[in-house]
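Colleague:
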Amino acid sequence: MLPGALGTKETDFLAQFDYLDPSAYTLVSWDPPGYGHADPALLQRSWTLDMLERDAEVVVALMKHIGSTRFSILGYSDGANTAFLIAAKYPEMVYKVIAVGGNAFLDSTDIRIYEELRDINTWDPQGRNLMVSSYGQAGFLELWNKWCDTMALIYKERGGDICKEELKLITAPVLIVHGKNDTAVPLHHAYHLAAHLVSGEYVAGSFGALTCY
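Mapping to UniProt numbering: the sequence shown position 53 is 53, numbers consecutive.
1) Over what stretch of residues does the alpha helix (DSSP H) that includes Val60 continue unbroken?
2) Taking C-alpha atoms, which residue in Cys163, His188, Leu169 and Trp30 lies nearest to Glu53?
3) Based on DSSP bridge pairs, tell me the residues matched to residue 216.
4) Would you mind reading off the limits of the beta strand (DSSP E) that contains Ala99?
5) Whose CA, out of Gly139, Gly179, Ala41 and Thr171, lies closest to the CA of Phe84?
6) What are the start and end residues of the alpha helix (DSSP H) that includes Leu85?
7) Just to check my reading of the structure: Leu6 and Met151 have Cβ atoms closer than 8 Å, yes? What is that Cβ distance to the nearest angstrom?
8) So, at 6 Å on beta carbons, what are the nonlocal neighbours of Phe207 in its own chain, with the 5 sequence-adjacent residues on each side left out?
9) Less than 8 Å between C-beta atoms, sequence neighbours within five positions excluded: which residues of the same chain meet that for Ile154?
10) What's the gap between the Cα of Thr109 and the Cα of Asn103?
11) Can you say whether Thr183 is buried or exposed, counting buried as having 16 or more other CB atoms within 10 angstroms of its CB?
12) Does DSSP put Lys9 in a helix, a strand or coil?
13) For chain D, check one thing: does any of its Cβ atoms lie closer than 8 Å to the Cβ of Pro40?
14) What residues in its chain sit with their C-beta under 6 Å from that of Glu116, if we drop five residues either side in the sequence?
15) According to DSSP, is Gly127 part of a helix, a strand, or is it coil?
16) Leaving out the 5 sequence neighbours to the left and right, which residues in its chain are closer than 6 Å to Glu201 when beta-carbon positions are compared?
17) Go ahead and pull the three-state DSSP assignment for Ile170.
18) Taking 8 Å as the threshold (C-beta atoms), are Met1 and Leu43 in contact?
19) Is Leu74 helix, strand or coil when you go by DSSP?
20) Between His196, Gly75, Val198 and Asp124, which has its C-alpha nearest Val177's C-alpha?
21) Tell me which residues share the same chain as Arg70 and place their Cβ nearer than 7 Å to its Cβ, disregarding the 5 neighbours each side in the sequence.
22) Below 8 Å on the Cβ atoms is my contact criterion, and I expect Leu169 with Lys180 to pass it. Report the Cβ-Cβ distance as a whole number of Å.
Written out as C-alpha cells, the structure is:
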C-alpha cells in the first residue's frame with residue numbers, strides 16, 4: 001500500500017490495517033524516503049523530476065527484500081502514480097492495481113490548485129491535523145512547499161508528464177477509484193486513465209473527495 005504526497009502508513013492506511021482480515025491479506029506499507037518514520041540516514045528524499053521513479057525502485061527493492069516477487073498494489077495520490085510506474089516497468093511482479101486519486105500528468109489547472117493549497121489553512125482540518133501531527137507545523141510547511149515546487153518543475157520541464165507513456169505498458173488489471181467531488185485531483189484525470197490503460201476499470205465515488213478510499 002503506497003501512500004500519497006507526504007503521506008505515511010499512519011496518515012493514509014490505518015483503517016485498512018485495522019479492518020482488513022489479516023488471514024486473507026498480507027498487508028505491506030511504507031513511509032517513502034523523507035516522509036514519516038523513514039530513516040534519513042538510509043535514504044533522503046530527492047526533490048527531482050524523477051522523484052516518483054525513485055520511489056518505485058525503492059518499493060520494488062523492498063518487496064524483493066522481504067521475499068515478495070508478485071503482489072497487488074493499492075496506491076493513493078502519489079502512491080497511485082508510483083504504482084503505475086512499477087506496473088509498467090515490472091509487469092511480472094504486479095498482479096493487480098487499485099489506483100485512488102491518481103493522475104498521469106499535470107496541467108495548468110493542477111498547478112493552480114497546488115498553488116492555492118500552499119496555504120495550509122485552506123486544507124480540510126482533518127488532513128491538515130494529520131500532517132501537523134506527523135511533521136509539526138514548520139516541518140509540514142517545509143515538505144509541502146518542496147512538493148509543490150517539484151510538481152511545478154515537472155510541469156515546466158516535462159510538460160507535466162508523470163507517467164503518460166507508461167500507462168500503455170501496463171498489463172495488470174487496474175481499478176481506478178476517484179471521488180466525483182475531488183477538488184485536489186480533478187475528475188478528468190480518472191477519465192484519462194480509463195481511456196489509456198489497456199485493462200483499466202473506472203469507479204467514481206459519488207461521496208468522494210481525494211480521500212474517498
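Don't be surprised by glycine CBs; every beta carbon is placed ideally from N, CA and C.
Modeller: The answer reads as follows:
1) Translated into positions along the sequence shown, residue 60 becomes position 60. Val60 -> alpha helix (DSSP H) spans Met51 to His65.
2) By one-based count along the sequence shown, residue 53 stands at place 53. Ranking the options by Cα distance to Glu53, first place goes to Cys163.
3) Missing from the structure shown is residue 216; the chain here goes from 1 to 213 and no further.
4) The sequence position of residue 99 within the sequence shown is 99, counting from 1. Note, Ala99: beta strand (DSSP E), Val94 to Val100.
5) Residue 84 sits at position 84 when you count from the first residue of the sequence shown. Minimum Cα distance to Phe84 is reached at Thr171.
6) Counting from 1 along the sequence shown, the entry for residue 85 is found at position 85. From DSSP, the alpha helix (DSSP H) with Leu85 extends over Asp78 to Lys89.
7) Here residue 6 corresponds to residue number 6 of the sequence shown, with the count starting at 1. Here residue 151 corresponds to residue number 151 of the sequence shown, with the count starting at 1. Rounded, the Cβ-Cβ distance is 12 Å, inconsistent with contact.
8) As a working mapping, residue 207 is identified with position 207 in the sequence shown. Because Phe207 carries a pLDDT of 47, less than 50, the predicted location of this residue cannot be relied on, and no value is offered for it.
9) Position 154 of the sequence shown, counting from 1, holds the residue named residue 154. Once the five neighbours on either side are set aside, the close Cβ partners of Ile154 are Leu49, Leu106, Gly160, Asp161 and Ile162.
10) Stepping through the sequence shown from its first residue, residue 109 is reached at position 109. Stepping through the sequence shown from its first residue, residue 103 is reached at position 103. Approximately 13 Å between the Cα atoms of the pair.
11) For the purposes of this step, residue 183 is taken as residue 183 along the sequence shown, with counting starting at 1. Exposed, by the Cβ-count rule.
12) By one-based count along the sequence shown, residue 9 stands at place 9. Residue state, collapsed to three classes: helix.
13) Absence of chain D from the displayed structure is noted, only one protein chain being present.
14) Here the question's residue 116 lines up with position 116 in the sequence shown. Hits under 6 Å: none found.
15) As a working note, residue 127 is residue 127 in the sequence shown. Helix, per DSSP.
16) Within the sequence shown, the letter at position 201 stands for residue 201. Cβ within range, chain order: Leu175.
17) On the sequence shown, position 170 is the one that residue 170 refers to. Residue state, collapsed to three classes: coil.
18) Here residue 43 refers to the residue found at position 43 when the sequence shown is read from its first residue. Here residue 1 refers to the residue found at position 1 when the sequence shown is read from its first residue. Cβ distance not < 8 Å, so Leu43 and Met1 don't count as in contact.
19) Working through the sequence shown from its first residue, we reach residue 74 at position 74. If DSSP states are grouped into helix, strand and coil, Leu74 belongs with the strands.
20) Within the sequence shown, residue 177 is the residue found at index 177, counting from 1. Nearest option by C-alpha distance: Gly75.
21) If you number the sequence shown from 1, residue 70 lands on position 70. Closer than 7 Å at the Cβ level, and outside the excluded window around Arg70, lie Met93 and Tyr95.
22) Taking the sequence shown and counting its residues from 1, the one referred to as residue 169 is at position 169. Taking the sequence shown and counting its residues from 1, the one referred to as residue 180 is at position 180. That belief does not hold up - the Cβ atoms of Leu169 and Lys180 are roughly 28 Å apart, past 8 Å.
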